[in-house]
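Trainee: Mind having a look at this structure? Questions to follow.
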Amino acid sequence: MICTRIGSGLILVVLAGFFVGCFSSAANAGVVTMSSDDYATLTGYVYCDLNDNLICDENEGMIPNVWIILEGVTEKGESLSRKTFTDLYGEYVFKKIPVGTYSLTQVQPIEFINGLCNPCGTVNDLAVGQAVQSGPDKANKYVDIVLSPGDVGVAYNFSEAGLKSAYLSKRDLLSRKPPVQLIPEPGSAAMMIGLLLCGGLAVKRRPRFDS
14 MICTRIGSGL ILVVLAGFFV GCFSSAANAG VVTMSSDDYA TLTGYVYCDL NDNLICDENE
74 GMIPNVWIIL EGVTEKGESL SRKTFTDLYG EYVFKKIPVG TYSLTQVQPI EFINGLCNPC
134 GTVNDLAVGQ AVQSGPDKAN KYVDIVLSPG DVGVAYNFSE AGLKSAYLSK RDLLSRKPPV
194 QLIPEPGSAA MMIGLLLCGG LAVKRRPRFD S
């Protein structure tokens with residue numbers, strides 16, 4: 014915690030890098046605080062969905078190092094934009110989001126074939142927002158996510174249908190066990206996609222509790 018006197022009888026308080034409040038040093042002064050309950054959180058993950066069932070099955074896996082962008086407008090009319098990567102488990106999280114309306118965008122990883130559109134995530138067990146189902150952002154964006162103080166949004170997920178053939182080496186295909194499965198990509202010739210996270214990326218898994 015950092016306490017800095019900024020004027021006669023006024024003290025600025027900063028805790029863990031976030032503004033907490035400004036209050037008078039007088040004994041009867043009111044204290045203005047902003048706790049974690051004043052903010053919202055959004056989470057999700059990126060996964061390989063070889064069978065298009067919108068579930069990360071045991072023979073599939075999570076995809077790390079994918080850009081996720083949070084954009085929107087706070088209730089005060091201020092624009093907000095943040096970026097993060099998915100972690101080793103394919104998960105991402107945005108914390109300390111002010112009350113407002115937001116979108117989440119996955120920057121499509123160039124190595125992968127875009128997957129199907131996932132169901133919209135939930136905030137406090139209720140579906141909030143819309144998944145974009147057409148246009149250039151199809152299956153890569155959620156919009157109209159309205160957040161209130163203390164909201165926790167989960168399962169804003171993105172899926173990929175498999176690696177593009179250009180990113181699979183011949184040696185990788187011949188050495189893979191079980192053998193590579195042929196999966197047709199719409200509008201092109203059949204593509205060779207590995208069953209074990211399609212191409213040798215490290216598979217990291219842990220139990221999931223969202224729906």
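Just add 13 to the spot in the sequence shown (first one is 1) and you have the working numbering. Beta carbons: idealized from backbone N, C-alpha and C, even for Gly. None of the values given here were measured: they were computed from a predicted structure.
#1: How is the beta strand (DSSP E) around S92 delimited, first residue to last?
#2: Taking DSSP as the reference, what is the three-state secondary structure of Y60?
#3: Is A174 helix, strand or coil when you go by DSSP?
#4: Using the Cα positions of G166 and K154, report the straight-line distance between them to the nearest angstrom.
#5: Going straight from the alpha carbon of E173 to that of I82, what length do you get?
#6: Tell me the rounded alpha-carbon separation between S201 and G175.
#7: How would you call F125, buried or exposed, if buried means at least 16 neighbouring beta carbons within 10 angstroms?
#8: Counting pairs of beta carbons, one from the stretch 63-70 and one from the stretch 115-123, are three or more of them closer than 8 angstroms?
#9: Indicate the three-state DSSP secondary structure (helix, strand or coil) for D157 in the structure shown.
#10: On the DSSP bridge list, what partners appear for G148?
#11: Mind checking F98: buried by the 16 CB within 10 Å criterion, or exposed?
#12: Tell me A53's beta-bridge partners as DSSP assigns them.
#13: Between the Cα of N127 and those of I76, G57, E71 and D51, spot the shortest distance and give me the residue it belongs to.
#14: Straight-line CA distance for L160 to Y52?
#15: Count the other CB atoms within 10 Å of the CB of C16; is the residue buried (16 or more) or exposed (fewer)?
#16: Going by Cα to Cα distance, which pick from P149, K89, A144 and D150 is closest to V156?
#17: Which value, in whole angstroms, describes the spacing of the CA atoms of E84 and T54?
#18: Could you check which residue in D70, P111 and L101 has the C-alpha nearest to that of G90?
Mentor: The answer reads as follows:
#1: Numbered from its first residue, the sequence shown carries residue 92 at position 79. Start and end: S92 to F98.
#2: For the purposes of this step, residue 60 is identified with residue 47 of the sequence shown, where counting begins at 1. Strand at Y60.
#3: By one-based count along the sequence shown, residue 174 stands at place 161. Here A174 sits in strand by DSSP.
#4: The sequence position of residue 166 within the sequence shown is 153, counting from 1. The sequence position of residue 154 within the sequence shown is 141, counting from 1. One C-alpha to the other measures close to 15 angstroms.
#5: Position 160 of the sequence shown holds residue 173. Position 69 of the sequence shown holds residue 82. Answer to the nearest angstrom: the Cα atoms are 17 angstroms apart.
#6: Within the sequence shown, numbered from 1, the residue matching residue 201 stands at position 188. Within the sequence shown, numbered from 1, the residue matching residue 175 stands at position 162. Reliability of the predicted coordinates at S201 is poor, the pLDDT of 36 falling under 50, and the value obtained from them is presented with this limitation in mind. Note on geometry: alpha-carbon atoms of S201 and G175 lie some 14 angstroms from one another.
#7: As a working note, residue 125 is residue 112 in the sequence shown. Buried is the call here.
#8: no
#9: As a working note, residue 157 is residue 144 in the sequence shown. Here D157 sits in strand by DSSP.
#10: Taking the first residue of the sequence shown as position 1, residue 148 is located at position 135. Answer is none; G148 lacks a bridge partner.
#11: Position 85 of the sequence shown holds residue 98. That one is exposed.
#12: Position 40 of the sequence shown holds residue 53. Bridge partners of A53: I110.
#13: The residue labelled residue 127 in the question sits at position 114 within the sequence shown. Looking from the CA of N127, the closest CA among I76, G57, E71 and D51 belongs to I76.
#14: Locating residue 160 in the sequence shown gives position 147, counting from the first residue. Locating residue 52 in the sequence shown gives position 39, counting from the first residue. Roughly 9 angstroms separates the two Cα atoms.
#15: By 1-based counting over the sequence shown, the position of residue 16 is 3. With a pLDDT of 43 at C16, under the threshold of 50, the modelled position of this residue cannot be trusted, and the question is left open.
#16: Residue 156 sits at position 143 when you count from the first residue of the sequence shown. V156 has its Cα closest to that of A144, out of P149, K89, A144 and D150.
#17: One-based indexing of the sequence shown puts residue 84 at position 71. One-based indexing of the sequence shown puts residue 54 at position 41. When rounded, the distance between both Cα atoms is 13 angstroms.
#18: Within the sequence shown, numbered from 1, the residue matching residue 90 stands at position 77. Looking at the Cα atoms, P111 is the closest of the given residues.
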